[in-house]
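First the structure, in the form of structure tokens, and then the observations on it.
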RNA sequence: GCCGGGGUAGCCUAAUUGGUAAGGCGCCAGCCUCGAGAGCUGGUGGGCUUUUGCCCGUGCAGGUUCGAGUCCUGCUCCCGGCGCCA
């Protein structure tokens, strides 16, 4: 969430970035109204509480001095106020809830660096497109089985066999090993409490995009949620920052518009990067994160490009987002990473602070995919295929696969 | 899942039969000093209020009460024990 004080003092700025996000900026007026009502009600309640507190203190003094009769009269008086307070408290609770609900609906500030339209930042590697190249589906043939997956889990799932399964696992390990050089590896849960998912701001906005269980837990839509919550309600020493984590887990999304294939599936694999930084370092650290994620593609010798997304394409919690797309000869450009600076938006919800000379400050949180593995998998197959239908395994992956080539199926 | 014990500010520890959160460390500022340290003084949770000031704050959410760290209910996490378990 944004700092209410910021919204109150800069409603124009908030309207402005809502417009950039192509969202309804009238919500700001609604917010200002709710904020005003809430604060006015609270002021009335506060003065009543003050009266009660004064009376209470008098009652205490009277009782100590043995003046029971006078105390009794004061208690009677105070009782009336207490009744009023109770009614107003109930009312204020509702108003506070309304106020918070609307505050949570307002997305993060948009960074000044965010362009009007998608902006190409970098192109890397040589695009190699040949007429004879086949799609990953053709290449894998029976090693990729959508039918069995559909019969046990429904549409939007897949089964991999043999070298295909091994290659995906190799990719997971490779990405993790590259990430591990700079990020601490951590193994995290994929079932998460409502509060945790709320902290990352996936709730309430992304509710329909997530699976939930009968026990009320949500299936992780991205490791971003778990990694953020490593420090929920904690205070970090400034000298410990930046804290960098990486994790691999499967991620789960309902993907209502899922199409057949590996590109958009309900259960997919990603290695995630996450950083907690000081307020002054987050911009610098985001750039490093984008480089770290690109590093994997460079090592795999896959062509890719980096884009800076416009405001209307970035997540509500993000203030700026870089996307990395890998080139796959038949399937085309595939988004494999999204690196975002959430500033203090998630930290305010999750209450994550650091101590700077005794002063408590909200951390900045950054997240990035490193990478979306099914999509890198596709690019790998299509880029490394040979004319005879076999697929070479990149040198850096061979120690993970223990084979150098996937023969034509 | 059951039984018992616990959660107080950045950290550590107090608070009588319910009477309105005390102290220490650390940190910040000032004094002192060539400077640092020590020492001394003040300040160090959040919000509203331009001042004075007021409200809230003892894991979270409620309840009882004139008044709750303290009593009650639900939840949560930690510690110990039992149970279950790959």
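Residue numbers (our numbering): 3 to 411.
Cβ atoms here follow ideal geometry from the backbone N, Cα and C, with glycine treated the same way.
How about residue i and residue j: are their beta carbons less than 9 Å apart?
i, j, result
"residue 324", "residue 123", "yes"
"residue 336", "residue 380", "yes"
"residue 256", "residue 212", "yes"
"residue 160", "residue 16", "no"
"residue 273", "residue 371", "yes"
"residue 243", "residue 368", "no"
"residue 319", "residue 214", "no"
"residue 127", "residue 306", "yes"
"residue 234", "residue 352", "yes"
"residue 393", "residue 333", "no"
"residue 193", "residue 222", "yes"
"residue 197", "residue 245", "no"
"residue 37", "residue 10", "yes"
"residue 176", "residue 298", "yes"
"residue 249", "residue 199", "no"
"residue 143", "residue 411", "yes"
"residue 206", "residue 106", "yes"
"residue 41", "residue 80", "no"
"residue 99", "residue 39", "no"
Between which two residues does the beta strand (DSSP E) harbouring residue i extend?
i, result
"residue 152", "No beta strand (DSSP E) contains residue 152, which is instead part of the alpha helix (DSSP H) from 148-155."
"residue 413", "Beyond the ends of the chain as shown, which are 3 and 411, falls residue 413; an answer cannot be given."
"residue 326", "322-330"
"residue 362", "361-364"
"residue 230", "From DSSP, residue 230 is part of no beta strand (DSSP E) but of the alpha helix (DSSP H) over 225-230."
"residue 343", "334-343"
"residue 272", "269-279"
"residue 311", "Note, residue 311: premise wrong, no beta strand (DSSP E); not H, not E."
"residue 357", "355-358"
"residue 252", "245-254"
Could you tell me the boundaries of the alpha helix (DSSP H) in which residue i lies?
i, result
"residue 288", "284-301"
"residue 379", "375-386"
"residue 164", "164-182"
"residue 14", "13-22"
"residue 205", "Segment: none, residue 205 is in no alpha helix (DSSP H) and carries neither H nor E."
"residue 142", "138-142"
"residue 185", "Element bounds for residue 185: n/a, residue is neither H nor E."
"residue 352", "347-352"
"residue 402", "397-403"
Would you decide whether residue i is buried or exposed? Buried here means 16 or more other CB atoms lie within 10 Å of its CB.
i, result
"residue 270", "buried"
"residue 279", "buried"
"residue 67", "exposed"
"residue 295", "buried"
"residue 129", "exposed"
"residue 204", "buried"
"residue 56", "exposed"
"residue 374", "buried"
"residue 8", "exposed"
"residue 322", "buried"
"residue 225", "buried"
"residue 253", "buried"
"residue 231", "buried"
"residue 216", "exposed"
"residue 76", "buried"
"residue 313", "buried"
"residue 132", "exposed"
"residue 70", "exposed"
"residue 63", "exposed"
"residue 261", "exposed"
"residue 117", "exposed"
Please go through the same chain and pick out, in chain order, the residues whose beta-carbon is closer than 8 Å to the beta-carbon of residue i, but skip the five residues on each side of it.
i, result
"residue 20", "26, 27, 29, 30, 108, 109"
"residue 389", "134"
"residue 405", "165, 168, 395"
"residue 304", "127, 328, 329, 378, 381, 382, 385"
"residue 170", "162, 271, 375, 376, 379"
Within a Cβ cutoff of 7 Å, which residues of the same chain sit near residue i, ignoring the five residues on either side of it in sequence?
i, result
"residue 236", "354"
"residue 218", "196"
"residue 86", "50"
Which residues in the same chain have their Cβ closer than 6 Å to the Cβ of residue i, if we skip the five residues on either side of it in sequence?
i, result
"residue 347", "110, 319"
"residue 46", "none"
"residue 344", "319, 320, 367"
Is residue i a contact residue of the ligand NAP, with contact defined as CB to any heavy atom under 8 Å?
i, result
"residue 393", "Ligands displayed in this structure: none; no statement on the ligand NAP is therefore possible."
message: Quick check on the DSSP output: what are the complete beta strand (DSSP E) runs of length 3 or more inside the segment 52-130, in order along the chain?
response: The segment 52-130 contains these whole beta strand (DSSP E) runs: 121-126.
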